[in-house]
Amino acid sequence: MLAPLIAAIEAQMGAAPPAKMGVAVSGGGDSVALMVALAHYCSDNGVELHVITVDHGLRDGAKEEIALVTDLCSRWNLAHHVEYWTGWDGEGNMQASARDARYELIADWAYAHRIGIVALGHTADDQAETFLMRLARGAGVDGLSAMAARRIRHGITWVRPFLAIERSALRNYLRAAQIAWCEDPSNQSRQFERVRVRDALTILGTLGITAETLVEVADHMARSREALDWQTFLAAQDMAQVVHGVIAIDLAKFRLLPQEIARRLMVHTLTWTSQHIYPPRRDPVARAIAAVRTGQTATLNGCQVSVENGMIWVFRELNAVKDMVCEVGDMWDDRWLITGPEDDPDLEVRPLGYEALADIDGWREIGLPRAALAASPAVWYNDVLVAAPFVGFDDEWSAELDGGKDAFFAALLSH
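Numbering of the sequence shown is given in full-length UniProt numbering, commencing with residue 1 and proceeding in unit increments.
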């Protein structure tokens with residue numbers, strides 16, 4: 001019963017296993033089965049395996065689960081680390097906040113231990129449940145696409161070897177091997193959507209709509225997404241350019257795009273410009289596209305979208321960055337590195353603003369919208385402008401875009 005699990009791991013890891021990798025283990029059956037299978041795989045392939053558990057501080061039973069994982073790691077002689085999350089403020093979606101925090105904590109741990117790849121225990125059941133939850137929200141192709149078996153997030157490669165394996169198969173293996181695991185009581189509480197969806201799957205199964213069927217549909221959607229991403233990439237190559245971090249799109253060509261490709265290009269442009277983790281919602285994007293098609297301006301996702309001289313310009317909205325301050329040498333707005341001849345700790349990077357821009361001769365010759373230049377990074381000493389790289393105020397200073405111009409296009413194919 002172990003052989004199919006090892007085969008799934010081998011298929012994901014390829015012919016060249018890493019020297020070191022991590023695995024996230026909560027103590028539940030899925031992650032425990034993954035840890036045990038990885039322990040065998042890593043032992044056979046000379047891979048150093050590290051285990052991490054995240055305690056969100058939200059359940060009384062977490063200590064028992066951590067103790068179980070610690071005991072299993074001792075049995076397999078595996079390094080085990082526990083991270084604690086204390087960031088829940090009682091606002092918003094608890095499960096979503098915990099999930100995002102978990103990824104960040106694990107990524108930080110991986111960085112600290114020079115681990116570039118971390119395995120997660122998602123199964124075919126997780127795929128099917130996620131598909132139904134997103135279907136209930138009216139998701140499109142992207143939302144209904146299968147979870148990626150491999151993806152990069154926070155600079156770490158995350159792999160999910162068991163996406164084609166059902167949860168019951170993992171538990172059958174653990175029972176046969178007499179390996180204990182913990183059951184999270186919340187997995188039985190119908191106050192959580194995923195539990196209600198899990199129950200619904202049992203009913204849908206009588207109609208032939210099984211987890212296996214839904215996983216297959218999600219795979220079809222993933223292939224459709226890949227094709228749409230490629231067409232969006234080609235459209236961007238044809239009509240978009242990056243100028244000082246501002247995206248300029250040929251309006252005439254944009255108007256001719258199929259509706260879905262236009263939407264994808266706009267969503268990507270807004271997300272890349274704002275550096276937000278999540279893309280803007282469909283309705284505001286549709287309104288923004290309708291506005292620019294008729295030459296009007298729109299603001300959303302911390303960005304301004306305007307039309308000038310036959311081009312659509314997408315750039316940071318001044319109101320979204322007006323309070324952003326950092327020292328010279330640090331990343332401003334998560335994407336600009338300002339460097340120059342001075343490294344004075346009293347110097348600050350802040351937006352240029354309209355008032356300072358008006359005092360700079362020749363800014364119109366730059367060819368960028370006034371609002372885009374006002375939101376661009378500048379170096380200040382108290383209220384004195386020291387440098388404004390975008391408008392050539394003091395040429396000894398420069399503003400370097402994180403990842404360079406090509407990052408805008410490359411990110412379109414990041415799936």
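Glycine is no exception: its CB is placed at the ideal position from the N, C-alpha and C atoms.
Looking at residue i: is its Cβ nearer than 7 Å to the Cβ of residue j?
i: LEU412; j: HIS268; result: yes
i: HIS122; j: ARG160; result: yes
i: residue 421; j: VAL141; result: In the structure as shown, the chain begins at 1 and stops at 415. Residue 421 is therefore absent and cannot be evaluated.
i: ALA399; j: PRO369; result: no
i: GLN231; j: ILE261; result: yes
i: ARG223; j: ARG255; result: no
i: GLU129; j: ARG198; result: yes
i: VAL349; j: TRP363; result: no
i: ALA375; j: ARG316; result: yes
i: GLU193; j: MET133; result: yes
i: ASP257; j: ALA235; result: With the sequence shown as reference, residue 257 is identified as Leu, and Asp is not the correct amino acid for it. A contact, by the Cβ cut-off of 7 Å.
i: TRP158; j: GLY29; result: no
i: ILE179; j: TRP109; result: no
i: VAL47; j: PRO17; result: yes
i: GLN127; j: LEU78; result: no
Excluding sequence positions up to five away, which residues of its chain have a Cβ less than 8 Å from the Cβ of residue i?
i: THR297; result: ALA291, GLN304, VAL305, SER306 and VAL307
i: ARG153; result: TYR103 and ALA107
i: ALA62; result: ASP55 and HIS56
Looking only at its chain, what residues have a beta carbon closer than 7 Å to the beta carbon of residue i, apart from the 5 residues adjacent to it on each side?
i: LEU38; result: ILE9, VAL23, LEU49 and ALA119
i: ILE322; result: The sequence given here has Lys at residue 322, not Ile. Contacts found: PRO351.
i: ASP184; result: GLY28
i: GLY138; result: none
i: GLU166; result: THR123, ALA124, ASP125 and ALA211
i: GLU396; result: GLY340 and PRO341
Would DSSP call residue i helix, strand or coil?
i: GLU65; result: helix
i: PHE9; result: The sequence shown places Ile at residue 9, not Phe. Three-state result, ILE9: helix.
i: CYS42; result: helix
i: ILE366; result: helix
i: GLU48; result: strand
i: CYS182; result: coil
i: HIS113; result: coil
i: TYR278; result: coil
i: SER398; result: strand
i: PRO351; result: strand
i: ASP221; result: Here residue 221 turns out to be Met, not Asp, going by the sequence shown. In the structure shown, MET221 sits in a helix (DSSP, three-state: H, G or I).
i: ARG133; result: First, the residue type needs correcting, since residue 133 is Met and not Arg in the sequence shown. DSSP places MET133 in helix when its eight states are reduced to three.
In chain order, what residues of the same chain have a beta carbon less than 6 Å from the beta carbon of residue i, not counting five sequence neighbours either side?
i: ALA388; result: LEU352 and ALA378
i: THR70; result: HIS80
i: ARG190; result: ARG196
i: LEU270; result: PRO280, ASN301 and CYS303
i: GLY310; result: LEU251
Could you say which of the options lies nearest to residue i if we only look at CA atoms?
i: LEU318; options: ALA19, ALA3 and LEU373; result: LEU373
i: ARG150; options: LEU201, ALA11 and GLY27; result: ALA11
i: VAL25; options: GLU65, ASP361 and ARG153; result: GLU65
i: LEU385; options: ASP406, ASP359 and CYS73; result: ASP359
i: PRO345; options: TYR354, GLU327, VAL217 and ALA33; result: GLU327
i: ILE6; options: ALA19, ALA33, MET21 and LYS20; result: ALA33
i: LEU2; options: VAL36, ALA16 and LEU201; result: VAL36
Exercise. So does the region 238-253 actually touch the region 275-290, counting three or more Cβ pairs closer than 8 Å?
Worked result: no
For this session: Could you say if the region 394-408 and the region 325-342 meet the contact criterion of at least three C-beta pairs nearer than 8 Å?
Result: yes
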